[in-house]
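**Student:**
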Amino acid sequence: MAEKIEWNDEYLLGIQEIDNQHKKLVAIANELYDITTGNSEVYKLQMSKVLKKLTDYTVYHFSSEEEFMKKKGYSGVDLHKTAHDGFINEVNNQIKQLSDEKVETGAKFYTFVLNWVLTHIAKADKIWAKFVKDNM
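Structural data, given as structure tokens:
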């Protein structure tokens with residue numbers, strides 16, 4: 163399992179609204195970490211709440227980010243949306259496996275979410291953010 167991540171300013175895009183949303187995503191991922199490394203009874207009680215929070219916020223963030231890119235004239239928004247949709251589909255697939263209530267399954271899910279979010283911010287989001295800042 164991946165270690166708990168602390169926000170690092172290396173992840174900043176320089177667009178405050180989106181940076182704040184990314185910080186919130188990392189915070190939610192860390193809630194997932196906390197319940198997968200804690201008491202198994204807490205895990206059973208809290209997992210569905212954290213999953214709902216994660217999925218709801220991810221949908222909100224992705225639509226917000228995509229709208230922002232459209233407003234700024236970024237031509238790669240459709241490709242970026244495809245990556246977002248792929249993540250949402252994979253999360254939905256993995257959530258089905260979490261019904262087994264095994265902490266190990268939750269830990270694997272946390273690792274997937276964390277790796278995807280951080281890689282996405284560091285690579286794909288930095289590309290469109292650079293475009294936006296260069297064209298302001």
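For the sequence shown, the numbering used here assigns the number 163 to the initial residue and increments by one for each residue that follows.
Heads up, the beta-carbon is just placed ideally off N, CA and C, and yes, glycines get one too.
Between the Cα of residue 210 and the Cα atoms of 296, 284, 271 and 298, which residue gives the shortest distance?
**Tutor:** Here residue 210 refers to the residue found at position 48 when the sequence shown is read from its first residue. Comparing Cα-Cα distances from residue 210 to each of 296, 284, 271 and 298, the minimum goes to 271.
**Student:** So what does DSSP say about residue 209, is it helix, strand or coil?
**Tutor:** Here residue 209 is taken as the residue at index 47 of the sequence shown, counted from 1. Here residue 209 sits in helix by DSSP.
**Student:** Taking 8 angstroms as the cut-off, decide whether the C-beta atoms of residue 197 and residue 268 are in contact.
**Tutor:** For the purposes of this step, residue 197 is identified with residue 35 of the sequence shown, where counting begins at 1. For the purposes of this step, residue 268 is identified with residue 106 of the sequence shown, where counting begins at 1. Yes; because the gap between Cβ atoms is below 8 angstroms, this pair is in contact.
**Student:** Is residue 177 close to the ligand FAD? I mean its beta-carbon at under 7 angstroms from any heavy atom of the ligand.
**Tutor:** You won't find the ligand FAD in this model; it holds no ligand whatsoever.
**Student:** If you drop the 5 nearest sequence neighbours on each side, which residues of the same chain put their C-beta closer than 8 angstroms to that of residue 176?
**Tutor:** Along the sequence shown, one-based indexing puts residue 176 at 14. The answer, listed in chain order, is 291 and 295.
**Student:** According to the neighbour-count rule (16 or more other Cβ atoms, all chains shown, within 10 Å of its Cβ), is residue 231 buried or exposed?
**Tutor:** Translated into positions along the sequence shown, residue 231 becomes position 69. Counting Cβ neighbours within 10 Å, residue 231 comes out buried, since at least 16 surround it.
**Student:** In the DSSP assignment, find the unbroken alpha helix (DSSP H) run with residue 179 in it and report its ends.
**Tutor:** For this step, residue 179 is matched to residue 17 along the sequence shown. Taken as a continuous stretch (DSSP letters only), the alpha helix (DSSP H) holding residue 179 covers 178-198.
**Student:** Which of the three DSSP states is assigned to residue 250 in this structure?
**Tutor:** In the sequence shown, residue 250 corresponds to position 88, counting from 1. Residue 250: helix per DSSP, three-state reduction.
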